[in-house]
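Here is the structure we will look at, set down as structure tokens.
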Amino acid sequence: MIIVNTDFVPGKTIKEIVGLVKGNTVRAAHVGKDILAAFRNIVGGEVSDYTKMIAESREQSLDRMIEEAEKLGANAVINIRFATSEVMSSAAEILVYGTAVILE
Numbered sequence: 011m012i013i014v015n016t017d018f019v020p021g022k023t024i025k026e027i028v029g030l031v032k033g034n035t036v037r038a039a040h041v042g043k044d045i046l047a048a049f050r051n052i053v054g055g056e057v058s059d060y061t062k063m064i065a066e067s068r069e070q071s072l073d074r075m076i077e078e079a080e081k082l083g084a085n086a087v088i089n090i091r092f093a094t095s096e097v098m099s100s101a102a103e104i105l106v107y108g109t110a111v112i113l114e
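Take the sequence shown: its letter number 4 is residue 14 in this note's numbering, and every next letter is one higher.
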């Protein structure tokens, strides 16, 4: 599966546009991690637990988008984008979406 954030794949021709595909996940932090993050906010620096959680969420969202594209018979997803939104305090949604296509 080819995944790109451009609207084309160099050297390939789009044979068919299959449609919009997406994948998302919502993650919440543990209360203990929130307390540590609040402390880190005071003294400064990276909140590594959150960094890891968001990175894992992006990967899971990508996996879900790819699975949806494969179910539709696509062999590539072009023009992918990520979006993040706060669902509630200490919970965030990661959404990835793009256009599933069949390349020649």
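Using N, Cα and C, we set each Cβ at its ideal position, and we do this for glycine too.
Everything numeric in this text was worked out from a predicted model, so none of it was measured.
Pairwise C-alpha distance: residue j and residue i
i: N85; j: F92; result: 20 Å
i: K115; j: E103; result: Only positions 11 to 114 of the chain appear in this structure, which leaves residue 115 out of reach.
i: G33; j: M75; result: 4 Å
i: E80; j: M98; result: 32 Å
i: V111; j: E56; result: 38 Å
i: T109; j: I64; result: 23 Å
i: E127; j: I27; result: Within the shown structure, residues of the chain are numbered from 11 to 114, placing residue 127 beyond reach of any answer.
i: S100; j: T23; result: 43 Å
Own chain residues within Cβ distance below 6 Å of residue i, not counting five before or after
i: V14; result: I88
i: E78; result: V31
i: L105; result: N34 and A93
i: L72; result: V106
i: M11; result: I76
Simplified DSSP state of residue i, which is helix, strand or coil
i: A79; result: helix
i: S95; result: strand
i: A101; result: strand
i: E114; result: coil
i: T61; result: helix
i: E56; result: coil
Beta-carbon separation (whole angstroms), residue i vs residue j, contact threshold 8 Å
i: S19; j: L113; result: Here residue 19 turns out to be Val, not Ser, going by the sequence shown. Sure, about 6 Å apart at Cβ, within 8 Å.
Spatially closest choice to residue i from the options, by CA coordinates
i: R37; options: E66, L72, G21 and T109; result: E66
i: I90; options: K22, G29 and G21; result: G29
Same chain, Cβ closer than 8 Å to residue i, neighbours up to 5 away in sequence not counted
i: S95; result: A102, E103 and L105
Cβ-based neighbour list, residue i, same chain, cut-off 7 Å, excluding 5 preceding and 5 following
i: D17; result: I88 and N89
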